[in-house]
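A.B. asks:
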Amino acid sequence: MTKEDRLGICGDCGGTISRRAVLCPGCGRSFGGDPRLEVNIADVRMPFSSMVVFMVKWAIAAIPAVIILAVIWFFVIGLLGSGMRH
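For the sequence shown, this note's numbering begins at 1126 and goes up steadily by one.
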């Protein structure tokens, strides 16, 4: 098999690609595979006030997680500390 037999042409940009390529290195076109894996986020347009509200909600949602981690931490330290006193 020659090198030319292993190469193909991208239908979008016309670039030379490997026949086993999943993405075109020139334009990023996907060749087969799972289409659900492709994620394109161009820009998030959100007013500043909405962003502040969003961040405050995330901070409030994080409080229970911090409390749970603190309880687990003190429990583990309590177990390890009681073993060191004897």
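In this text, a Cβ means the ideal position worked out from N, Cα and C, and glycines have one as well.
Count the other C-beta atoms from every protein chain shown that fall within 10 angstroms of the C-beta of I1233, then say buried if there are 16 or more, exposed otherwise.
C.D. replies: Any question about residue 1233 goes unanswered here, given that the chain covers just 1126 to 1211.
A.B. asks: Cα separation between F1179 and V1169?
C.D. replies: In a straight line, the C-alpha of F1179 is about 13 Å away from that of V1169.
A.B. asks: Bridge partners for L1148 per DSSP, in chain order?
C.D. replies: S1155
A.B. asks: For the beta strand (DSSP E) that contains I1142, what are its first and last residues?
C.D. replies: 1141 to 1143
A.B. asks: Count the other CB atoms within 10 Å of the CB of I1188; is the residue buried (16 or more) or exposed (fewer)?
C.D. replies: exposed
A.B. asks: Does the beta-carbon of C1149 have 16 or more other beta-carbons within 10 angstroms, so that it is buried, or is it exposed?
C.D. replies: buried
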